[in-house]
Amino acid sequence: MIVLNLKEIFDRETRFQARYSIPPQDIRFPPEVGEIKEPVDVYVEITKYDRGYNVHLDIKGKVELECSRCLVVFEKDLSQTKDKHIETYPVEETIALSPEDLEVSFMEDPDVINLEDIVREELILEIPMKPLCRPDCPGIHSPYLLFEDSNPKREDPRFAILKNLLKDMEVEDGGS
Ligand SMILES: [Zn+2]
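In terms of my numbering, the sequence shown has 727 at position 51, counting the first letter as 1, and numbering is strictly consecutive.
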């Protein structure tokens, strides 16, 4: 786990810079969203300002996604550069959010950050709601489904399996 105690770091420094290679198991990417198979490289640069910290991230990584139209698994590059602010929860009752605030992450304790959590969040934000292997993906394309097979006698092995299953079911029904 990459936990950065910013309070301690900024007692000594005015700028924090580091490079990490985070293995997939530490990213803990939600499997229902996609699969990360290779380490994600992160360059992080943090500076302090009055209300919190500026976090600059340079992320290099990719994820395997399933196309929402044709179900093919494809690779998507998630490399990105991000600048975020990390602040404590504001004490005021009502806050008017400016567009700039949209990149602010409010944290209970902004002095201690978990870099893996931040990187995971940024990676998930890059995943489209309906991933497509390519913008003009035509969808499922199978000669069996379209009945365009030049040899109609040839049977889809999947149908053969289904037939056998049905036969088994008939036998079971007959026996009871
Ligand atoms: Zn597709």
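In this text, a Cβ means the ideal position worked out from N, Cα and C, and glycines have one as well. Note that the structure is a prediction, hence the values are computed from the model and not measured.
Asked, Found
"Residue 720 in three-state terms, based on DSSP", "strand"
"Beta-carbon spacing of residue 751, residue 738 below 8 angstroms", "yes"
"Reduced DSSP category for residue 753 - H, G, I as helix; E, B as strand; rest coil", "strand"
"Local Cβ density within 10 Å of residue 810, reported as buried at 16 or more and exposed below that", "exposed"
"The alpha helix (DSSP H) enclosing residue 702, as first and last residue numbers", "700-703"
"Any C-beta of chain C under 8 angstroms from that of residue 695", "Going by chain labels, chain C is absent from the structure shown, which holds only one protein chain."
"Boundaries (first-last residue) of the alpha helix (DSSP H) holding residue 797", "791-801"
"DSSP beta-bridge partners of residue 697", "717"
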